[in-house]
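> There's a structure below that I have some questions on.
There are 2 protein chains.
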Amino acid sequence: MGTKRRRLRELAAREQLFIDTALAHIQEEGLLSLKMAKVARDCDYATGTLYQHFASKEDLLLAIFASENEKNLEILRRATTWDAPTRQKIVALVIGDILFSTNHPVHQSLGRYIFTDAVWDAASEQRRTQVLEAYTPHHEAATSIVEEAIECGALDPHGQSATELTLGVWSMCMGMHSLIDAEGLFSTLAVQRPYRWLLRNIHLYLNGLHWQPLLDPFNTQKLDEEVDHIVQSLYPDLCFSSLSTEEPPP
Amino acid sequence: MGTKRRRLRELAAREQLFIDTALAHIQEEGLLSLKMAKVARDCDYATGTLYQHFASKEDLLLAIFASENEKNLEILRRATTWDAPTRQKIVALVIGDILFSTNHPVHQSLGRYIFTDAVWDAASEQRRTQVLEAYTPHHEAATSIVEEAIECGALDPHGQSATELTLGVWSMCMGMHSLIDAEGLFSTLAVQRPYRWLLRNIHLYLNGLHWQPLLDPFNTQKLDEEVDHIVQSLYPDLCFSSLSTEEPPP
DNA sequence: CTCAATTTGTGAATCGCATTCATAATACGC
DNA sequence: GCGTATTATGAATGCGATTCACAAATTGAG
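For the protein sequence lines, the chains are A and B, in the order given.
Residue 1 is where the first sequence starts when you use our numbering, and the numbers rise one by one after that.
Residue 1001 is where the second sequence starts when you use our numbering, and the numbers rise one by one after that.
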């Protein structure tokens, strides 16, 4: 009987409906005012039905995060399959990350929120695993580029694993996102165009690793040209105001 | 009348009592189960009195964060006043940050939690300012070292401001803390001794900046020796198991 | 097709907890 | 002392998340 298979499909569709609806609510009203009952009602289901899919509100939040993350896969694919020097591919990955973050602002704050003990602990084990697995493609994309770089001699691993060699770039991206999202911090410190600084710092780090070919990150024009080139080659369809060469109004 | 002054002192003391008690509760029970009524009761005050100090539960959380942060000031002072090459002072700052984080695990997660939109927005304007100002000493410590390095010729600023030149180290520290605190992430990826990697990455970055004197971060022995030296010179009184040279049991 | 068993959906009732606010207690000026 | 202003109190309120007794629907055996 194909009944079971059909039912499973229906359940999955309903779950996605809940997830999409909840995400829409967050985008409109903020994380703060997400109401379980409202999500259910807007999907024409009872509150209890929502709870058959998600163990708690927090569980739903993790599910939203994992779901939205899938929209990132396409970006990762573009960077990894691009025919370019490995160093440029890593930068492309970082730029993709920046573009995704700025195009999905909720995803950023959600990401920081769900890894909070309070939220993480209130989600189901299964959902946590799902979230951790959502990182696999990122991890694989980065390590595959590192491995390719080692193979072609652009990078000397000094006996370290590919995973470990991705930590520097990974932590810098994550930390910079956090700093940028800490409202008021950069405006207090008068830091301008933080994403350009992220890219500069990534290059400084890659230079420290002697990842070939080296680039002078204090040559701002060259830096911006590289960004433009990567965006136009790989992400012509994505809005990139966050990286634009234009200075913001004073 | 000195009455007013005395009253102000009493109010400040009571506020600190609330903060300390709430922190103790979090350490014992977790952020999740902090109860406003319980905090008030344990301090022998009514719930309403607590609310005369803090606009909301979230407001209290920001206050705890700002308060705990002050315990860090002493560590910053040691690093900045240390008589050593500027590059070593920066590393000392990073090590101090690591030691503080591992000795105050709640502070870390609290820090990530309060900058969440949901929490940040629910705190009073005044308290937010207080939290942002809590970063001033960190910022000043880092920029003063950068400025000293520029002055003595150990670092070429390439026309960038001291504040901007601290962003790389800052974001790497913050990002690594986030990655480490994301429960299950590093155990899934089998990353060992992440703090050693943070220090290695900091050195790679500093090498990329040509901050003198350069150091080979893949010389693990030398790296560990530097850590030991800094800990023994500056932080002999702090527990540093997180940085210990010992390998963890397999 | 029928019907009992089982599964799934429902939403009103429950519960926990942050927050408020009418009242009581206290401090202050005279 | 006494009236007024300030501060403390904790029971009452309100808001949702979560649950659960019951209803509806599905299944499968005969």
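Glycine included, every Cβ here is placed at the ideal spot set by N, Cα and C.
#1: For B:Leu1099 and B:Cys1239, I'd like the C-alpha separation in whole angstroms.
#2: For A:Ile195, I'd like the list of residues in its chain whose CB is within less than 7 Å of its CB, leaving aside the five on either flank, ordered along the chain.
#3: Can you give the Cα-Cα distance for B:His1203 and A:Asn207, rounded to whole angstroms?
#4: Once the 5 residues before and after A:Ala134 are set aside, which same chain residues still bring their CB inside 8 Å of it?
#5: At 7 Å on the CB atoms, spell out the chain B contacts of A:Leu243, in chain order.
#6: Rounded C-beta distance between A:Ala260 and A:Arg127? I'm assuming under 8 Å.
#7: Check each candidate in A:Arg6, A:Leu165, A:Gly30 and A:Cys43 and name the one with the smallest Cα separation from A:Glu147.
#8: At the 8 Å Cβ level, is B:Glu1226 part of the contact set with chain A, yes or no?
#9: What are the residues of the region 137 to 150 of chain A that lie near chain B, defined by any Cβ-Cβ distance shorter than 7 Å?
#10: Which residue wins for smallest C-alpha separation from A:Arg14, given the options A:His53, A:Leu198 and A:Thr163?
#11: Drop a sphere of 10 angstroms on the beta-carbon of A:Thr86, count the other beta-carbons inside from all chains shown, and report buried for 16 or more, exposed for fewer.
#12: Short check: CB of A:Ala55 to CB of A:Ala46, under 8 Å?
#13: Smallest Cα separation from B:Leu1189: which of A:Trp170, A:Ala149 and A:Thr136?
#14: Report yes or no: is there a C-beta of chain A within less than 8 Å of the C-beta of B:Leu1223?
#15: In terms of residue numbering, what span does the alpha helix (DSSP H) encompassing B:Gln1212 cover?
#16: Could you name the residues of the region 1092 to 1124 of chain B whose beta carbon sits closer than 8 Å to any beta carbon of chain A, in the order they occur along the chain?
#17: Closer than 8 Å, Cβ to any Cβ of chain B: which residues of the region 152 to 169 of chain A, in chain order?
#18: Ignore the nearest five residues each way along the sequence and tell me which others in A:Leu73's own chain have a CB closer than 7 Å to its CB.
#19: Mapping DSSP to helix, strand and coil, what is B:Gln1126?
#20: Just to confirm my understanding: we take B:Gln1027, look at its own chain, exclude 5 residues before and 5 after, and list those with CB closer than 7 Å. What are they?
#21: Considering Cα atoms alone, identify which of A:Thr143, A:Arg78 and A:Leu155 is closest to A:Ala92.
#22: Please confirm if A:Glu183 has its CB atom under 8 Å from at least one CB of chain B.
#23: Do we get a CB-CB distance below 8 Å when we pair A:Leu32 with the residues of chain B?
#24: Output needed in chain order: residues of the region 40 to 53 of chain A with a Cβ under 7 Å from some Cβ in chain B.
#25: Any C-beta of chain A sitting closer than 8 Å to the C-beta of B:Tyr1195?
#26: Could you tell me whether the Cβ atoms of A:Tyr113 and A:Leu31 are closer together than 8 Å?
#27: Mind listing the chain B neighbours of A:Phe218? Cutoff is C-beta to C-beta under 7 Å, in chain order.
#28: Return no unless some Cβ of chain A is closer than 8 Å to the Cβ of B:Leu1017.
#29: Using a Cβ cut-off of 8 Å (strictly closer), state whether A:Cys239 contacts chain B.
#30: Residues in its own chain within less than 6 Å of A:Val231 by CB, not counting five upstream and five downstream?
#31: Could you compute how far the alpha carbon of A:Glu10 sits from the alpha carbon of A:Lys38?
#32: For A:Met36 and chain B, any beta-carbon pair shorter than 8 Å?
#33: Within 8 Å of any Cβ in chain A, is that where the Cβ of B:Ser1178 sits?
#34: Do we get a CB-CB distance below 8 Å when we pair B:Phe1171 with the residues of chain A?
Taking the coordinates as given:
#1: 7 Å
#2: The sequence given here places Tyr at residue 195 of chain A; Ile does not occur at that position. Taken in chain order, the residues that qualify are Ile98, Ser242 and Leu243.
#3: 12 Å
#4: Phe65, Ala66, Asn69 and Glu70
#5: Correct list: empty, because the minimum Cβ distance to chain B is about 16 Å.
#6: Nothing in the structure corresponds to residue 260 of chain A, since chain A is present only between 1 and 250.
#7: A:Leu165
#8: False, the Cβ-Cβ gap to chain A never drops below 8 Å.
#9: Within the region 137 to 150 of chain A, the qualifying residues are His139.
#10: A:His53
#11: buried
#12: no
#13: A:Thr136
#14: Not an interface residue.
#15: In the DSSP annotation of this structure, B:Gln1212 is not part of any alpha helix (DSSP H), being labelled neither H nor E.
#16: Ser1109, Arg1112, Tyr1113, Phe1115, Thr1116, Asp1117, Ala1118, Trp1120, Asp1121 and Ala1122
#17: His158, Gly159, Gln160, Thr163, Glu164, Leu167 and Gly168
#18: Pro137
#19: Assignment of B:Gln1126 by DSSP, reduced to helix, strand and coil, places it in the helix class.
#20: Apart from sequence neighbours up to five positions away, the residues of its chain that approach B:Gln1027 with a beta-carbon distance below 7 Å are Val1106, ordered along the chain.
#21: A:Arg78
#22: yes
#23: Yes, because at least one Cβ of chain B sits closer than 8 Å to the Cβ of A:Leu32.
#24: none
#25: no
#26: yes
#27: Neighbours of A:Phe218 on chain B, chain order: His1158.
#28: No - not a single Cβ of chain A is within 8 Å of the one on B:Leu1017.
#29: Cβ-Cβ to chain B under 8 Å: no for A:Cys239.
#30: Phe240
#31: 21 Å
#32: no
#33: yes
#34: It is Ser, not Phe, that sits at residue 1171 of chain B in the sequence shown. Closer than 8 Å to the CB of B:Ser1171 there is at least one CB belonging to chain A.
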